[in-house]
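Asker: I'd like to ask some things about the structure below.
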Amino acid sequence: MRKIQYLFIALFICLEIQAQDKFNIRGVLPWHNFLSGPTSWNLSDYRIYLDECRKNGINFIGFHNYTGGGERYATYVEPMIKIEYKNILPQACFDNSMTARWGYLPMAVKDFAFDTGKIFQLPVGAEAFGNNGSITSHSSREHYEKAQSLMRDVLKMAHERGIRMAMGFEFGVIPPEYFSLNVAGDCFYWAGESNMIPNPKSQIAAEIHYAAIDDILNTYPDIDYIWMWLNEHSFMGVDVQKALRDKPFARAYQENQALFKEAADSSARFVGVWALEYMKLTYKHLKSKGSRAKLILGGWGGGHQLPSLLKGLDRALPQDIIFSCLNPDLGKSPQPDFLEEIARNRSVWAVPWLEGDHQLWHFQPRVNMMREQVKLAAEQNLDGVIAIHWRTEEPRFNFRTFARFASDKGADESVDQLYDRYLTEEFGEEAAKEMTPLLARMDREQIQWNVPSPEFYAYTPEWGLLDENNVRIRQELVSSGESLLKKLRGEKRENLKRFIAMFRFELLLGEVDRAMMPAFILKKKEVQGEKINGSQEYMDAYRLLVSAPVKEMFDTYMERVHSRGELGVLSSLNQRVWREYNDLKIYLENKIKEK
1 MRKIQYLFIA LFICLEIQAQ DKFNIRGVLP WHNFLSGPTS WNLSDYRIYL DECRKNGINF
61 IGFHNYTGGG ERYATYVEPM IKIEYKNILP QACFDNSMTA RWGYLPMAVK DFAFDTGKIF
121 QLPVGAEAFG NNGSITSHSS REHYEKAQSL MRDVLKMAHE RGIRMAMGFE FGVIPPEYFS
181 LNVAGDCFYW AGESNMIPNP KSQIAAEIHY AAIDDILNTY PDIDYIWMWL NEHSFMGVDV
241 QKALRDKPFA RAYQENQALF KEAADSSARF VGVWALEYMK LTYKHLKSKG SRAKLILGGW
301 GGGHQLPSLL KGLDRALPQD IIFSCLNPDL GKSPQPDFLE EIARNRSVWA VPWLEGDHQL
361 WHFQPRVNMM REQVKLAAEQ NLDGVIAIHW RTEEPRFNFR TFARFASDKG ADESVDQLYD
421 RYLTEEFGEE AAKEMTPLLA RMDREQIQWN VPSPEFYAYT PEWGLLDENN VRIRQELVSS
481 GESLLKKLRG EKRENLKRFI AMFRFELLLG EVDRAMMPAF ILKKKEVQGE KINGSQEYMD
541 AYRLLVSAPV KEMFDTYMER VHSRGELGVL SSLNQRVWRE YNDLKIYLEN KIKEK
C-alpha cells in the first residue's frame, strides 16, 4: 500500500515539474485592423487557425477592438463590441476593400489589376474583399450583429479546443458620436492635441464605459477575460493644470499621483491616475455584475506609454488583475526587466511580436527574437507569453518558435537548428542545407528591418525600396530555391515555390517603386510650387514608369497566395500600388499633352 502511495506522490511531482516547464498562459493576439489580418477572416479561417493553435500548445486567444481614438484613428470603430448609449449606435464595421481607413483607397474587386480579381471568391452580390459579414451588411446594426455572431462562434470553437478567450478595448477611447453629449459647465472630457479625453470622474464617461463592458458580458457570456488597453497616443497635448480644475479628478490626482514616482513628469503622472481611475471603474463594475471573467491590463511598450506607469498601477490595483504589455519597438526590443519585480505580486504576461505592422508586405524572420524573448520571460518568472500578429503564412516559423519555447522552458535549440528543422519539414533536407545559413543570417542580423511597408500609413513609392544587401540576399534565396525546384515533386515543391515567390515579389516591388519614384517626386514638386525643368523631365519619368514590371509583380504575388492573409495583401497592393501607378500615369500623360 505504501509503495502505491509513493508512486502517486512521484507521479504528482513529475506532473508538477512538467507543468512548471511550460508557461501557464501560451497565447496569441491576432490584431484586427488591416485586411491581411483577422479583419477579413471568416469562420472557416478561424477554424483552421484555432486547430493550428491547439496543435502547437496554445491555450489563450485575445482580441482587441478599436473604439475610436486620436488623430487618424478618430473614426476607427470596430463592431466586435457595441457601445450603445442613450439610443446612440456608433458607426462601425470591419474594414473591407471599399472602406477608406488606414490609408486604403476604396476599390471594388472587379477593378483589381490584370486578372488578380479572379482569385477572390465573393458572396453573391458582394463587390468588395473582406469578412463576409462586412461586405454583405447594409447598416451599422447589421455590421454589429454579424461581427458579434462570428465572434460568439469563435469563442465556442476556442473553448471546444481548450483555449480561453479575451475580448478587450482601449478604456477612455470612445466613438466620436458621443462627444456631442457634453453638458455646459460639466467636465465630460478634456481637449487633447488630437482627440478629446474622457474624464473617468464624469457620469457620462463612466456610463459609456459601463455600456462597453456590459455589451461584452451580454454578447459573450462565457468570455474568460476582459482586456483593458491603455491607448497608444491620444494623450498628446492635454493641459494637465487645466484638467485639474475638475475637482473630483483633482482629488483623485492628489491622492494617487505619488504612486507614479517612476513617471517622467506631471503629464505622465496624470495619465497614470487617469488609467488607475478607469481600471478601478472596470474592476468594481465586473464585481457588481458577478462576472467570473478575469481582468487584464494591457498597452503599448514604448518609453512614454504603459511601462512608465506599470509600477504605480501595481502598487494601487488588486493583485488579481493581470498585467500585460506589448514589447517595445514593434517587438525588436524585449520586455523590460522590471516585469520580473511586478511578477512577484501578480500574473504578468509579455507580448512579443511575431511581426511588425511596419512591414506587412514583407517577410519578417524573427525566430531569434521569439527564442530570446520567450526565454527571457521564463527567466523573469512571468506567468504567460502572448504573440501579436496579423498574417499567418509569413510568420509561421516565428509562430512555431514562439510556441516551442512557450511550451518548453527548457528548450535550447539554436536559430540554425530551428530553421534546419522547419525547412527540412517543408522543403526537404537539401533545401534546408542550402537555405538555412541565409535565413538564419537574415534573421539574426535583421538586415530587412528598415524595408518599409507600413499599412498604417497611405502608400508612397518609398515602400519596399531595397538596399544592396537586401537585394543580394533575396537574389541568393531565389536562386537557391529555383535550382532546388527542379529536384522536388509534390507538396514540398509547391511549398518551396510559394516561399521563393515571396522574395521574387519583394524584388519586383522594389523595381516598381524605383520606376514610380521620379513621377511621384515631380508631382510633389509641382504641388509645392517648385520649378520643373522642361518637358523632358516628364518624358523621362513617363518612360521609366511604363517600364515598371507591374504585371509581373502582381502575377508573382498571385503564386504566393495560400491563405486569407495573402488575399489581404493582394487587395492592399491593388488599392495602393495599382491606384498610385495609374494616378501617376494619368498625371504624366496630361503634362506631356500640355507641353
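For the sequence shown, position 158 (counting from the first letter as 1) is numbered 158 according to full-length UniProt numbering, and the numbering increases by one without interruption. C-beta atoms are modelled at their ideal positions from N, C-alpha and C, and glycine is treated no differently.
1) Quick one: give me the first and last residue of the alpha helix (DSSP H) that ASN87 is part of.
2) Return the bridge partner residues of residue 599 from the DSSP annotation.
3) Please classify GLU429 as buried or exposed, where buried requires at least 16 other C-beta atoms within 10 Å of its C-beta.
4) Name the residue from TYR189, GLY410, TYR459 and GLY298 whose alpha carbon lies nearest to the alpha carbon of LYS201.
5) On the CB-based measure, 16 or more other CB atoms within 10 Å of its CB, does GLU16 come out buried or exposed?
6) On the three-state DSSP scale, how would you describe TYR73?
7) Compare the beta carbon distance of TYR459 and PHE505 with 8 Å and say whether it is the shorter of the two.
8) CA-CA distance, LYS280 and LYS261?
9) According to the neighbour-count rule (16 or more other Cβ atoms, all chains shown, within 10 Å of its Cβ), is LYS591 buried or exposed?
10) Taking its Cβ as the centre, do 16 or more other Cβ atoms sit within 10 Å of ALA243, making it buried, or is it exposed?
11) Spatial neighbours of ALA378 within its chain, please: C-beta separation below 7 Å, excluding the five flanking residues on both sides.
12) When the Cα atoms are used, what is the spatial distance from ASP153 to GLY172?
13) Confirm, please, whether the CB-CB distance from TRP390 to GLY37 is below 8 Å.
14) Which residues bound the alpha helix (DSSP H) around TYR422?
15) Tell me the rounded alpha-carbon separation between TYR6 and TYR253.
16) Pick from ILE88, GLN121, ARG498 and VAL77: whose alpha carbon is nearest that of ARG101?
17) I want to know whether the region 450-459 touches the region 96-115 - three or more CB-CB distances under 8 Å.
18) Might you give, ordered along the chain, the residues of its own chain that have their beta carbon closer than 7 Å to the beta carbon of residue 600, omitting 5 neighbours on each side?
19) Hey, out of LYS156, ASN182, ILE342 and ALA212, whose CA is closest to PRO90's CA?
20) Can you tell me where the alpha helix (DSSP H) with residue 596 in it begins and where it stops?
21) How long is the line joining the alpha carbons of ALA250 and TRP274, rounded to whole angstroms?
22) For SER134, which of helix, strand or coil comes out of DSSP?
23) What is the DSSP secondary structure of GLU589, counted as helix, strand or coil?
24) How far does the alpha helix (DSSP H) with ALA206 in it reach, from first residue to last?
25) If you reduce the DSSP assignment to three classes, tell me which class ARG101 lands in.
26) Please name the residue or residues paired with ILE500 in a DSSP beta bridge.
27) Please list the terminal residues of the continuous beta strand (DSSP E) segment that includes ILE61.
28) Identify which residue in GLY534, PHE60 and GLN257 has its Cα closest to the Cα of residue 603.
Answerer: By the coordinates alone:
1) Here ASN87 belongs to no alpha helix (DSSP H), and DSSP marks it neither H nor E.
2) The question about residue 599 has no answer, for the chain in this structure spans 1 to 595.
3) exposed
4) TYR189
5) With a pLDDT of 46 at GLU16, under the threshold of 50, the modelled position of that residue is not reliable, and the figure given next carries that caveat. Looking at its Cβ environment, which holds fewer than 16 other Cβ atoms inside 10 Å, GLU16 is exposed.
6) Three-state result, TYR73: helix.
7) no
8) 20 Å
9) Flag for LYS591 reads buried.
10) buried
11) LYS409
12) 28 Å
13) In contact: GLY37 and TRP390 (Cβ atoms closer than 8 Å).
14) Looking at the DSSP string, the run of the alpha helix (DSSP H) that includes TYR422 is 415-427.
15) Its pLDDT being 49, under 50, TYR6 is placed unreliably in this model, and the coordinates cannot settle the point.
16) VAL77
17) Yes, the region 450-459 is in contact with the region 96-115.
18) No answer is possible for residue 600: it lies beyond the span of the chain, which begins at 1 and ends at 595.
19) Cα-wise, what sits closest to PRO90 is ALA212.
20) Residue 596 falls outside the range modelled here, since the chain spans only 1 to 595, and no answer is possible.
21) 11 Å
22) helix
23) helix
24) Per DSSP, ALA206 belongs to the alpha helix (DSSP H) from 203-219.
25) Here ARG101 sits in coil by DSSP.
26) Note: ILE500 sits in no beta bridge, so no partner.
27) Element bounds for ILE61: 60-65.
28) As shown, the chain starts at 1 and ends at 595. That puts residue 603 outside it, with no answer to give.
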